[in-house]
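Undergrad: First residue of the sequence shown? That's 1 in the UniProt record's numbering, and the numbers climb one at a time after it. Where a beta carbon is used, it is the ideal one built from N, C-alpha and C, also for glycine. Questions regarding the structure given below will be posed in turn.
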Amino acid sequence: MKILIIEDEPELLENIKNSLEKEQFLVETASDYNTAIDKVFVYNYDCILLDIMLPNGSGLDILSQLKKAGKGKHVIIISAKDSLEDKLTGLELGADDYLTKPFHLAELNARIKVVLRRNNLDGKNILQFCNTQLDLDERLLTVDDKNIPLNRKEFDILTYFYLNKNRLITKTALAEHVWGDHIDQADNFDFIYYQIKNIRKKLQESNAQIKFEAVYGVGYKIVENEAS
Numbered sequence: 001m002k003i004l005i006i007e008d009e010p011e012l013l014e015n016i017k018n019s020l021e022k023e024q025f026l027v028e029t030a031s032d033y034n035t036a037i038d039k040v041f042v043y044n045y046d047c048i049l050l051d052i053m054l055p056n057g058s059g060l061d062i063l064s065q066l067k068k069a070g071k072g073k074h075v076i077i078i079s080a081k082d083s084l085e086d087k088l089t090g091l092e093l094g095a096d097d098y099l100t101k102p103f104h105l106a107e108l109n110a111r112i113k114v115v116l117r118r119n120n121l122d123g124k125n126i127l128q129f130c131n132t133q134l135d136l137d138e139r140l141l142t143v144d145d146k147n148i149p150l151n152r153k154e155f156d157i158l159t160y161f162y163l164n165k166n167r168l169i170t171k172t173a174l175a176e177h178v179w180g181d182h183i184d185q186a187d188n189f190d191f192i193y194y195q196i197k198n199i200r201k202k203l204q205e206s207n208a209q210i211k212f213e214a215v216y217g218v219g220y221k222i223v224e225n226e227a228s
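Structure (C-alpha cells):
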C-alpha cells in the first residue's frame, strides 16, 4: 500500500516516513504545495497525510481540488491548527480524519489503519479469507461458521495479517503494530513466535483453508492453504 505524506516540517516528515516504512508501506513525500499537487494528480495513493500550512499554498486547497477530481477519499489532515472551523472545513471537503499536532506516531498509525481498513472493506467490518471470517466489531473468528476462540493479542495479530493477505510482514512491524510503544521493553521477538504458533494450531484444528508461511529470519505472511 502506498502513502503520501504532505508535510513541510523536515523532522516530523522524516519521523512519520520512517515509522510507516517499518510497517512495510511504500511511502512518498512532498514538503510544499506545488510538489504535492504534482504528485496527487499523477499517482494514486491508499492514504494521504495532509498538512494545512504549506509553503506556497494551503492543504485545504489541495483537498478541495482532490474532491472536485473525485480523489478526495482516504485523507487524514495533520495540522497544528486546532480551530473548529478548520476541522469542519477539512471534513466537509472529504477528509476522513483530523489529527492535531503534536501527536504520537502510534496514534497516527492507528488512524491510518482505520482509514485503510475502511478503504479495503468499503465501510464493512467483516474480513473474509477462504472459509474464515473475522468480525471486527464482535472480535470473532469463525471457520465454516464455527466460532474459534482467540485472545486479544491473537485477534489483533490475525486482523493485521488479514489486512495484508499474501504480503510479508516483518517481525518488527508486527510487534510495533500489536504492542505499540511497549515494544522497546522486549529483549527479543520470541513472544511473536509463540503467538503465531498458537494461532497456527487453532487454524489447523478448525480446518481453516489459510496458513502462516514463515520467511526465516524475517517474518511471516498469511496465504491460502492449497493443501486443504
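1. Just reading off the alpha helix (DSSP H) that residue 14 is part of, what are its end residues?
2. Tell me whether residue 85, by its Cβ, gets closer than 6 Å to a heavy atom of the ligand MG.
3. Would you say residue 280 and residue 87 are within 7 Å of each other, going by their C-beta atoms?
4. Any contact of the region 166-173 with the region 203-222, i.e. 3+ C-beta pairs under 8 Å?
5. Among 28, 154, 193, 129, which one has its Cα closest to the Cα of residue 226?
6. Inspect the CB distances between the region 5-19 and the region 29-40 and report whether three or more fall short of 8 Å.
7. Ignore the nearest five residues each way along the sequence and tell me which others in residue 209's own chain have a CB closer than 6 Å to its CB.
8. Taking buried to mean at least 16 other C-beta atoms within 10 Å of its own C-beta, is residue 70 buried or exposed?
9. Let me make sure I understand the geometry here. Which of 65, 134, 48, 20 has the alpha-carbon closest to that of residue 157?
10. Looking only at its chain, what residues have a beta carbon closer than 7 Å to the beta carbon of residue 192, apart from the 5 residues adjacent to it on each side?
11. In three-state terms, what does DSSP make of residue 28?
12. Can you tell me whether DSSP reads residue 128 as helix, strand or coil?
13. Bridge partners of residue 214, per DSSP?
14. For residue 26 and residue 150, what's the separation of their Cα atoms in angstroms?
15. Tell me the DSSP secondary structure of residue 208 in three-state form.
16. Buried or exposed for residue 74, please, with buried defined as at least 16 other CB atoms from any protein chain shown within 10 angstroms of its CB.
17. Classify residue 164 as helix, strand or coil using the three-state DSSP reduction.
18. Could you tell me how far apart the beta carbons of residue 230 and residue 63 are, in whole angstroms, since I believe they sit closer than 8 Å?
19. Leaving out five residues before and five after residue 155 in sequence, what residues of the same chain have Cβ atoms less than 8 Å from its Cβ?
20. So what does DSSP say about residue 182, is it helix, strand or coil?
21. Exposed or buried, what is residue 161 when buried is set at 16 or more other beta-carbons lying within 10 Å of its beta-carbon?
TA: Reading off the structure:
1. Taking the first residue of the sequence shown as position 1, residue 14 is located at position 14. Run containing residue 14: 10-22, per the alpha helix (DSSP H) assignment.
2. By its list of ligands, the structure shown contains no ligand whatsoever, and the ligand MG lies outside what it can speak to.
3. Only positions 1 to 228 of the chain appear in this structure, which leaves residue 280 out of reach.
4. yes
5. Taking the sequence shown and counting its residues from 1, one reaches residue 226 at position 226. The shortest Cα separation from residue 226 among 28, 154, 193, 129 belongs to 129.
6. yes
7. Indexing the sequence shown from 1 puts residue 209 at position 209. 130, 131, 225, 228.
8. Along the sequence shown, read from residue 1 onward, the residue named residue 70 stands at position 70. With fewer than 16 Cβ atoms within 10 Å of its Cβ, residue 70 is classed as exposed.
9. In the sequence shown, the residue the question calls residue 157 occupies position 157. Among 65, 134, 48, 20, the Cα nearest to that of residue 157 belongs to 134.
10. As a first step, residue 192 is located in the sequence shown; it is residue number 192 there, counting from the start. Only 171, 174, 175 meet the Cβ criterion.
11. To locate residue 28, count along the sequence shown from 1; it is residue 28. Three-state DSSP puts residue 28 in a strand.
12. Here residue 128 refers to the residue found at position 128 of the sequence shown. DSSP places residue 128 in strand when its eight states are reduced to three.
13. What you label residue 214 is simply residue 214 of the sequence shown in a count that begins at 1. The partner list for residue 214 (beta bridge, DSSP) reads 220.
14. Looking up residue 26 in the sequence shown gives position 26. Looking up residue 150 in the sequence shown gives position 150. Those two C-alpha atoms are separated by around 31 Å.
15. Counted from its first residue, the sequence shown places residue 208 at position 208. Coil, per DSSP.
16. Stepping through the sequence shown from its first residue, residue 74 is reached at position 74. Answer is buried; the Cβ neighbour count reaches 16.
17. Your numbering for residue 164 matches position 164 in the sequence shown. Here residue 164 sits in coil by DSSP.
18. What the structure shows of the chain is the stretch from 1 to 228, and residue 230 is not part of that stretch, so it cannot be assessed.
19. Position 155 of the sequence shown holds residue 155. Around residue 155: 134, 139, 141.
20. Position 182 of the sequence shown, counted from the first residue, corresponds to residue 182. Its pLDDT being 46, under 50, residue 182 is placed unreliably by the model, and nothing is read from it.
21. In the sequence shown, the residue the question calls residue 161 occupies position 161. The residue in question, residue 161, is buried, as its Cβ has 16 or more Cβ neighbours within 10 Å.
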